[in-house]
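Q: Counting with the numbering used here, you get residues 12 to 443 for the letters of the sequence shown.
From the three backbone atoms N, C-alpha and C, an ideal C-beta is built for every residue, glycine too.
Note that the structure is predicted; figures quoted are calculated from it, not measured.
Structure below; questions to follow.
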Amino acid sequence: MKIFKNKFLTSTFILMLSGLSTKVLGLIIKVIFTRIVGSTTISLYSIVMPTYSLLLTISNLAMPSTIAKLIAQKNDKKTLSSALIIIIILNIFLILLMFLVSHFIANTLLKEPKAYYLLIAMSLTLPFSSIACIFKGYFYGIQKNYPHVLSNTIEQLIRLTLILTVISKLIKISYVHAAVGLMLTYLFTEAASILTFSFCINKNVLKNMFNFSFSKNSAKDILNLSIPSVTSKLIGNICYFFEPIILTNILLFKGYSNSFILTEYGAYNAYAISTLTIPSFFISAISLALLPEISKYIENRNIYYVKKRLKEALIFTFLIGLTSSFIIFIFRNELLMLLYKTTLGTNYIKYLAPVFILFYFESVFASFMQAIGKAKITLKITILASVIKLICLTFLSFFKIGIYSLLISEIINIIVVVSLNYFYINKYLKYN
Numbered sequence: 012m013k014i015f016k017n018k019f020l021t022s023t024f025i026l027m028l029s030g031l032s033t034k035v036l037g038l039i040i041k042v043i044f045t046r047i048v049g050s051t052t053i054s055l056y057s058i059v060m061p062t063y064s065l066l067l068t069i070s071n072l073a074m075p076s077t078i079a080k081l082i083a084q085k086n087d088k089k090t091l092s093s094a095l096i097i098i099i100i101l102n103i104f105l106i107l108l109m110f111l112v113s114h115f116i117a118n119t120l121l122k123e124p125k126a127y128y129l130l131i132a133m134s135l136t137l138p139f140s141s142i143a144c145i146f147k148g149y150f151y152g153i154q155k156n157y158p159h160v161l162s163n164t165i166e167q168l169i170r171l172t173l174i175l176t177v178i179s180k181l182i183k184i185s186y187v188h189a190a191v192g193l194m195l196t197y198l199f200t201e202a203a204s205i206l207t208f209s210f211c212i213n214k215n216v217l218k219n220m221f222n223f224s225f226s227k228n229s230a231k232d233i234l235n236l237s238i239p240s241v242t243s244k245l246i247g248n249i250c251y252f253f254e255p256i257i258l259t260n261i262l263l264f265k266g267y268s269n270s271f272i273l274t275e276y277g278a279y280n281a282y283a284i285s286t287l288t289i290p291s292f293f294i295s296a297i298s299l300a301l302l303p304e305i306s307k308y309i310e311n312r313n314i315y316y317v318k319k320r321l322k323e324a325l326i327f328t329f330l331i332g333l334t335s336s337f338i339i340f341i342f343r344n345e346l347l348m349l350l351y352k353t354t355l356g357t358n359y360i361k362y363l364a365p366v367f368i369l370f371y372f373e374s375v376f377a378s379f380m381q382a383i384g385k386a387k388i389t390l391k392i393t394i395l396a397s398v399i400k401l402i403c404l405t406f407l408s409f410f411k412i413g414i415y416s417l418l419i420s421e422i423i424n425i426i427v428v429v430s431l432n433y434f435y436i437n438k439y440l441k442y443n
């Protein structure tokens, strides 16, 4: 069949199947966990997730896309060993830092002392996630995708088992114990992912990776690619990190209660945004399959196939985004009841769903920009959009419209990011 002769379409298809199985298991896990622990645990867990997202962005150092690009272009195995050394040093520093600042973040910034225990727990999971990212990048680069399917499935099964056997007992002690337990499940799932990839990878490649030989040239290549990319994500995550801090402080100042803010922010993030991002695994598959393909064609100066692959990616993204947003918009109450046994967040979905058609393009544009070596442009766009979002959030929060100040800011952010990326890519392709 023609589709299987096209490596981009084949990789996309396999990654989509992987994402689908992972997402289905993930949704089952989320439903079970939500019903076991209740809304108080979910709210506590949600309020620390921006911090966790920020830490993951720093600790992973954009390794999946960076390693994928370098392996696709140069296939230099020294890259893996140098990447491992960089990651280990970075993660040791982050763990020590979190032990020093977690009290300040929990008590002063998040204004939730119980968040301290989750912050400590999350720091311990970081090295496992980061090392797994190096393996992921290697397999993306050689366009060998079955290890991802296997790894994702094993991760989710272990997570489900831990929730049913451990978290269900921890909630009987307290909701804080349950939230910390859920955070620590990432440690076990990422460790399982590393073991799975180790079994799937060529043994000589694995040996080269863990011989801890450091190459200055490889390290330079890694950092030249990863720093602009991770800085771009970092800016977005810093914005996400300050989001609940700005929102909480201003809304408390305007007379909203802490319980209202915690509940509504939890509904917005844990229910509305989580539901709207369900189709993201499809888009992620497209983006990850696109990166090594575009990198390869750029290296060979084949602009015809660069344009062709981008066009295919954008058509798939639009069709998936349009269909998903329409279904989520129409059946938002039913979906929320099915997934979380609540209709909290339904109004947020109502206003966000039409705009999320644009949101799905962000990942594809970012992958394309990195593949053509223009990650610094993405960084500038992200900085501008994030600053605009935080300014809008701060300004709108004073109007006493509750969480809708965050919703409007999010919509503005999506429109700015997608519009500027589209403008630059269109200009680049016309020039070439």
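(1) How many angstroms separate the CA atom of I178 from the CA atom of Y128?
(2) Do L263 and S408 have their C-beta atoms within less than 8 Å of each other?
(3) Give the single residue among E345, L350, K318 and L330 whose Cα lies nearest to the Cα of F462.
(4) Where does Y442 land, buried or exposed, given buried means 16+ other C-beta within 10 angstroms?
(5) Taking the alpha carbon of L137 as the reference point, which residue from Y359, I98 and L171 has its own alpha carbon closest?
(6) Cutting at 7 Å between CB atoms, please list the residues of its own chain near I419, excluding the five before and the five after it.
(7) Helix, strand or coil: which one does DSSP assign to M12?
(8) Quick one: residues in its chain with C-beta nearer than 6 Å to the C-beta of I14, no 5 flanking neighbours on either side, listed in chain order?
(9) Could you tell me the alpha carbon to alpha carbon distance between A324 and T334, rounded to whole angstroms?
(10) Kindly indicate the opening and closing residues of the alpha helix (DSSP H) around N310.
(11) Checking 8 Å against the spacing of the C-beta atoms, do L130 and T51 come in under that value?
(12) Kindly provide the ranges of any alpha helix (DSSP H) runs that are 4 or more residues long and lie completely inside the stretch 45 to 131, ordered along the chain.
(13) P290: buried (16+ other C-beta within 10 angstroms of its C-beta) or exposed?
(14) May I ask which residues mark the beginning and end of the alpha helix (DSSP H) holding G413?
(15) In its own chain, which residues sit with a C-beta less than 7 Å from the C-beta of E201, not counting the 5 before and 5 after it?
(16) Is DSSP giving S32 helix, strand or coil here?
(17) Within the same chain, show all residues whose beta-carbon is closer than 7 Å to that of L26, passing over the 5 residues directly before and after it, in chain order.
(18) If you drop the 5 nearest sequence neighbours on each side, which residues of the same chain put their C-beta closer than 6 Å to that of A189?
(19) Locate the alpha helix (DSSP H) running through L321, then write down its first and last residues.
(20) What does the alpha-carbon distance come out to for the pair I294 and I326?
A: Straight from the coordinates:
(1) Walking along the sequence shown from the start, residue 178 turns up at place 167. Walking along the sequence shown from the start, residue 128 turns up at place 117. Roughly 15 Å separates the two Cα atoms.
(2) Residue mapping note: residue 263 aligns to position 252 of the sequence shown, counting from 1. Residue mapping note: residue 408 aligns to position 397 of the sequence shown, counting from 1. No. Outside cutoff.
(3) In the structure as shown, the chain begins at 12 and stops at 443. Residue 462 is therefore absent and cannot be evaluated.
(4) As a first step, residue 442 must be located in the sequence shown, where it is residue number 431. By the 10 Å Cβ count, Y442 comes out exposed.
(5) The residue labelled residue 137 in the question sits at position 126 within the sequence shown. Here the closest residue by C-alpha is I98.
(6) Indexing the sequence shown from 1 puts residue 419 at position 408. The residues are C403 and L407.
(7) Position 1 of the sequence shown, counted from the start, is the residue given in the question as residue 12. Any answer about M12 is weak, because its pLDDT of 45 lies below 50 and its placement is not dependable; what the coordinates show is given next. Coil at M12, not helix or strand.
(8) If you number the sequence shown from 1, residue 14 lands on position 3. Confidence at I14 is low in this model, with a pLDDT of 45, below 50, so its placement is unreliable and no value can be given for it.
(9) Within the sequence shown, residue 324 is the residue found at index 313, counting from 1. Within the sequence shown, residue 334 is the residue found at index 323, counting from 1. Approximately 16 Å, taken between the alpha carbons.
(10) Here residue 310 is taken as the residue at index 299 of the sequence shown, counted from 1. Sequence check: residue 310 is Glu here, not Asn. Residues S291 to E310.
(11) In the sequence shown, residue 130 corresponds to position 119, counting from 1. In the sequence shown, residue 51 corresponds to position 40, counting from 1. No, these two residues do not count as a Cβ contact at 8 Å.
(12) 50 to 71, 74 to 84 and 89 to 115
(13) The residue you call residue 290 lines up with position 279 of the sequence shown. It counts as buried.
(14) To locate residue 413, count along the sequence shown from 1; it is residue 402. First-last for G413: undefined, no H or E at that position.
(15) Locating residue 201 in the sequence shown gives position 190, counting from the first residue. T136, F139, S140 and A143, listed in sequence order.
(16) The sequence position of residue 32 within the sequence shown is 21, counting from 1. It is helical.
(17) Position 15 of the sequence shown, counted from the start, is the residue given in the question as residue 26. Closer than 7 Å at Cβ, skipping near neighbours: N156, H159, A296, L299 and A300.
(18) Along the sequence shown, read from residue 1 onward, the residue named residue 189 stands at position 178. Excluding residues within five positions, the ones whose Cβ falls inside 6 Å are V48, T52, I178, L181 and I182.
(19) In the sequence shown, counting from the first residue as 1, residue 321 sits at position 310. Run containing L321: I314 to I341, per the alpha helix (DSSP H) assignment.
(20) As a first step, residue 294 must be located in the sequence shown, where it is residue number 283. As a first step, residue 326 must be located in the sequence shown, where it is residue number 315. Rounded to the nearest angstrom, the two C-alpha atoms are 11 Å apart.
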